[in-house]
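Our numbering numbers the first residue of the sequence shown as 100 and each following residue consecutively.
Glycine is no exception: its CB is placed at the ideal position from the N, C-alpha and C atoms.
Treat the numbers as computed from the prediction; the structure is a model and nothing was measured.
Notes for the one structure printed next.
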Amino acid sequence: MNKVRLLEKAVEKERLARCALIVELEEERAASASAADEAMAMILRLQADKASLEMEENQYERMIEEKFAYDEEEMNILKEILFKGERKKHFLEKELETYKHNDDDDDDREPILYDVHVIEDDNNAKMQDVTQ
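Structure, rendered in structure tokens:
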């Protein structure tokens, strides 16, 4: 009978050890599932952050392109203004040369001052008279 009692105690010990291992296994499974959930949550958050950054990047890219187009247009306008100013300066220098030349010829004469636009309009009118 002692043998049976020893075997029963051994079986009981094995059953308790098995139960302890099952509990430990369940704890490990729960920890593993929790870690997997946390990893998935982090992956989803990183994907959302990436999408947000890509949208922001696209927005900044559009803003830069619009700014570049605006700056290019402004540059063209400034070049045109500069060109007109240079042309007007050249015209006035030529007019000044003409007055100086006329002044050398006629020291007694009073200089005649002209408005640039009036001269241009007068020149246009003369050209139209010539063509007609």
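Report all residues from its chain with a CB closer than 7 Å to the CB of residue i; omit the five preceding and five following residues, and keep chain order.
i	result
residue 159	none
Might you give, ordered along the chain, the residues of its own chain that have their beta carbon closer than 6 Å to the beta carbon of residue i, omitting 5 neighbours on each side?
i	result
residue 140	none
Which full runs of the beta strand (DSSP E) of 3+ residues lie inside the region 131-178, going along the chain? none
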